[in-house]
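Keeping their order, the protein sequence lines are chains P and Z. Per my numbering, the very first residue in the first sequence carries number 1; after that it's consecutive. Per my numbering, the very first residue in the second sequence carries number 329; after that it's consecutive.
2 protein chains.
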Amino acid sequence: MSDSLDVVGIGNAIVDVLSRTEDAFVAQHDLVKGSMTLIDLPRAEAIYGALGQSVEVSGGSAANTVAGVADLGGRCGFIGRVRNDQLGGIFRHDVRANGTIFDTPPAEAGPPTGRCMVMVTPDSQRTMATYLGAAVDFGPADLDLALIQSAKVLYLEGYLWDAEPAKRAFLEAAEGAHAAGRKVALTLSDSFCVERHRAGFLDLVERHVDLLFANEAEIAALYQVSDFDAALQQVRGHCEVAALTRSEKGSVVLSGEEVHIVDAITVGPLVDTTGAGDLYAAGFLFGYTEGYSLYDCGRLGSLCAAEVIAHLGPRPQRSLKELARAHM
Amino acid sequence: MSDSLDVVGIGNAIVDVLSRTEDAFVAQHDLVKGSMTLIDLPRAEAIYGALGQSVEVSGGSAANTVAGVADLGGRCGFIGRVRNDQLGGIFRHDVRANGTIFDTPPAEAGPPTGRCMVMVTPDSQRTMATYLGAAVDFGPADLDLALIQSAKVLYLEGYLWDAEPAKRAFLEAAEGAHAAGRKVALTLSDSFCVERHRAGFLDLVERHVDLLFANEAEIAALYQVSDFDAALQQVRGHCEVAALTRSEKGSVVLSGEEVHIVDAITVGPLVDTTGAGDLYAAGFLFGYTEGYSLYDCGRLGSLCAAEVIAHLGPRPQRSLKELARAHM
């Protein structure tokens, strides 16, 4: 089978609604700072009504990663569920903007396209409240196995590991990718997400995942340990490659006996951390599919993360390809 | 009649779709760099389809100005026409976010909420292609005379001076404001707009406008002169106050015998000029309604413009009130 694509992502198809808020706003609305909370439509409307001037940017963790890989020059596909409404049209346009294939048919009835309210506090940290909308009904019927099997890497976001049909779709997609000799990558997405579904995630990581992306809190939650080094020792045996991100401390990349310590990169002032992990994964995966050394995969990940945290919103605003040409 | 509000704006209710492009993209799509071109739906879809990853931010010239005045602490109202769709909901949310009154009923049929494709070229200049959508049918029936008469200043955007019903609405609004002893402010919006409707604008400026906002190209187009100083001499007799903006050269504020030269202010790197004129007007009008000297009105205008050009999109992303506290 030919490698017609580099990365196919599967994730929640949602539009981000970003707004600057005070810490008090996050607390008032019972949200956990720095984390992602799933909310229903009435709560979404209440939070949106209270939010100030906002900016809309297509989001979704895996979709952000795919957009980053495509911006670097990779050939990508995306699978996710929007509705046939204006926000769905915006999401579709933006995923396709760099040539990414996105042909999951939009839902013609049911909830509207999902959106995620992203509250950026004065410390530039982001707190998210997600109304999944049409994405909540994602399931095996939405998969395009031929698309998945045509890509070197299948990339899955942990956020989708929640409803049963989405879990079945995940496993089916991973098995399909492996059957075609492809690699399966997963991001753990959120430590609360990991805690809610720890057993499932452990099984997923141990049996189905080749490349694992996680931050410190997520990997510690997965192995129920309190320090990063303990988590690092655990993950070594379980995945072919693990890329563990540590915010301003950079990242650690593990593979068998190999261990690389990758420093963070700065390309501008810290404005908004939204999308940092997603764009780290984008840089890493692009490097991986291009045959870079694992250290250089990590460096490109750091660089892409550096771009996205220097402005509001989770998608690159400068050409990552040009940035890579200047910095790598 | 009590001054319950500071500024009421009337303008096109549209959402901006911002994207970075090369100069060649602007030329390919027959757009005039730095200017605003009205387009129909098929052309809007063709341009949007060709545009890369975009960011959506509520826009509309007068709406941006009103959002700026409200962010500074002013009490505002807005009148403009959206449809009852998702983009209309976003526009309404953002105008109301700082307490601005916006009660124009959304259209329940007809074209969707308008949008403006904003192409930001590598020199940070913006070129606009606007599909007016629901805003194209704006007319006298959309006016709320009580709201207009409750504000110290009525602010009109020249972009709306195009279709006959909108022109009638403009004149009706201006006469209503003057009947209540209020001031009428106008921005000329765009030099091509001025050239298309020069006689109408001249009549508007001479007979109905107290405060005029224009940039160099617009004021030169209005008086058909080639240099700024010639335009400046012409406008002096025609308006109570004229604030003429000159990009990085700052602005000149005229009122009778008074002339003030106001320098530009820098608060960050130049990222995107979208909204610079709108936010200059916001700072100026807030100062004006608060009784600032004309020089300080101009300085606050410069400061607000400086904030909006330091990021993508035409609405403030930092608190203008705090910025003013730090700089004025």
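Ideal placement from N, C-alpha and C gives every residue a C-beta, glycine not left out.
Any C-beta of chain P under 7 Å from that of residue i
{"i": "ALA643 of chain Z", "result": "Looking at the sequence shown, residue 643 of chain Z is not Ala but Arg. Chain P, which has a Cβ nearer than 7 Å to the Cβ of ARG643 of chain Z, makes this yes."}
{"i": "GLN381 of chain Z", "result": "yes"}
{"i": "VAL385 of chain Z", "result": "yes"}
{"i": "MET329 of chain Z", "result": "Low confidence applies here, because MET329 of chain Z scores a pLDDT of 47, under 50, leaving its location unreliable; read the following figure in that light. So no, MET329 of chain Z is outside the interface."}
Under 9 Å from the C-beta of residue i: neighbouring residues of chain P
{"i": "LEU640 of chain Z", "result": "VAL55, HIS311, LEU312, GLY313, GLN317"}
{"i": "ARG371 of chain Z", "result": "Within 9 Å Cβ-Cβ: nothing; ARG371 of chain Z doesn't reach chain P, min ~16 Å."}
{"i": "ARG706 of chain Z", "result": "In the structure as shown, chain Z begins at 329 and stops at 656. Residue 706 of chain Z is therefore absent and cannot be evaluated."}
The beta strand (DSSP E) enclosing residue i, as first and last residue numbers
{"i": "PHE286 of chain P", "result": "No beta strand (DSSP E) contains PHE286 of chain P, which is instead part of the alpha helix (DSSP H) from 276–289."}
{"i": "LEU541 of chain Z", "result": "The sequence given here has Phe at residue 541 of chain Z, not Leu. Unbroken beta strand (DSSP E) run through PHE541 of chain Z: 539–543."}
{"i": "VAL194 of chain P", "result": "Counting along the chain, VAL194 of chain P falls outside any beta strand (DSSP E), though it belongs to the alpha helix (DSSP H) covering 191–196."}
{"i": "HIS260 of chain P", "result": "258–262"}
{"i": "LEU87 of chain P", "result": "Taken as a continuous stretch (DSSP letters only), LEU87 of chain P belongs to no beta strand (DSSP E), being part of the alpha helix (DSSP H) at 86–96."}
{"i": "ALA479 of chain Z", "result": "479–485"}
{"i": "GLU649 of chain Z", "result": "Looking at the sequence shown, residue 649 of chain Z is not Glu but Lys. Careful: LYS649 of chain Z lies outside any beta strand (DSSP E), inside the alpha helix (DSSP H) at 648–655."}
{"i": "ILE342 of chain Z", "result": "342–348"}
{"i": "GLY442 of chain Z", "result": "441–448"}
{"i": "VAL336 of chain Z", "result": "333–338"}
{"i": "SER58 of chain P", "result": "55–58"}
{"i": "PHE78 of chain P", "result": "76–79"}
{"i": "ARG126 of chain P", "result": "126–133"}
{"i": "LEU366 of chain Z", "result": "364–366"}
{"i": "VAL32 of chain P", "result": "Looking at the DSSP string, VAL32 of chain P is not in any beta strand (DSSP E), and its letter there is neither H nor E."}
{"i": "LYS511 of chain Z", "result": "511–515"}
{"i": "THR245 of chain P", "result": "241–245"}
Residue i, enclosing alpha helix (DSSP H) - first and last residue
{"i": "TYR376 of chain Z", "result": "369–378"}
{"i": "LEU66 of chain P", "result": "The question names Leu, yet the displayed sequence has Val at residue 66 of chain P. 61–72 is the span of the alpha helix (DSSP H), which, as asked, contains VAL66 of chain P."}
{"i": "LYS495 of chain Z", "result": "492–507"}
{"i": "GLY298 of chain P", "result": "294–308"}
{"i": "ARG236 of chain P", "result": "Unbroken run through ARG236 of chain P: none, as it is neither H nor E."}
{"i": "PHE353 of chain Z", "result": "351–356"}
Residue i: contacting residues in chain Z (beta-carbon distance under 7 Å)
{"i": "TYR48 of chain P", "result": "HIS421"}
Contact test: residue i Cβ vs the ligand ATP heavy atom, cutoff 6 Å
{"i": "LYS167 of chain P", "result": "Ligands displayed in this structure: none; no statement on the ligand ATP is therefore possible."}
Residues of the stretch 83–105 of chain P whose Cβ lies closer than 8 Å to any Cβ of chain Z, in chain order: The residues in question are ASP85, GLN86, LEU87, ILE90, HIS93, ASP94, ALA97, ASN98.
Taking 8 Å as the threshold, find out whether the stretch 511–523 of chain Z comes into contact with the stretch 478–492 of chain Z through three or more Cβ pairs. Flag = yes, the stretch 511–523 of chain Z and the stretch 478–492 of chain Z touch.
Does the stretch 395–414 of chain Z come into contact with the stretch 34–49 of chain P, if we say contact requires no fewer than three beta-carbon pairs (one atom in each stretch) closer than 8 Å? The answer is no - the stretch 34–49 of chain P does not touch the stretch 395–414 of chain Z, with fewer than three Cβ pairs under 8 Å.
Do the stretch 338–351 of chain Z and the stretch 299–310 of chain P meet, that is, are 3 or more Cβ pairs less than 8 Å apart? They do not touch, by the three-pair rule.
Are the stretch 380–392 of chain Z and the stretch 41–55 of chain P in contact at 8 Å, needing three or more beta carbon pairs? Three or more pairs of CB atoms, one per stretch, sit closer than 8 Å, so the stretch 380–392 of chain Z contacts the stretch 41–55 of chain P.
Proximal residues, the stretch 59–70 of chain P versus chain Z, C-beta separation under 8 Å: Contacts with chain Z (Cβ-Cβ distance below 8 Å) from the stretch 59–70 of chain P involve ALA67, listed in chain order.
Using 8 Å as the Cβ pair cut-off and three pairs as the minimum, do the stretch 409–422 of chain Z and the stretch 566–575 of chain Z touch? Because the criterion of three Cβ pairs below 8 Å is not met, the stretch 409–422 of chain Z and the stretch 566–575 of chain Z do not touch.
Anything in the stretch 432–459 of chain Z with a Cβ closer than 7 Å to a Cβ of chain P? List those residues in chain order, please. So the list is empty, because no residue satisfies the distance condition.
For the stretch 590–605 of chain Z against the stretch 451–459 of chain Z, do three or more pairs of beta-carbon atoms, one drawn from each stretch, fall closer than 8 Å, so that the two count as touching? Touching, per the Cβ criterion.
Looking at C-beta atoms only, is the number of pairs between the stretch 643–654 of chain Z and the stretch 387–401 of chain Z that lie closer than 8 Å three or more? Touching, yes.
Between the stretch 547–557 of chain Z and the stretch 597–616 of chain Z, do at least 3 Cβ pairs fall closer than 8 Å? The stretch 547–557 of chain Z, when compared against the stretch 597–616 of chain Z, does not touch it at the 8 Å Cβ threshold.
Are the stretch 365–372 of chain Z and the stretch 284–298 of chain P touching, with three or more C-beta to C-beta distances below 8 Å? Segments in contact, no.
Would you be able to state if there are at least three C-beta pairs under 8 Å between the stretch 492–504 of chain Z and the stretch 466–473 of chain Z? Short answer: they touch.
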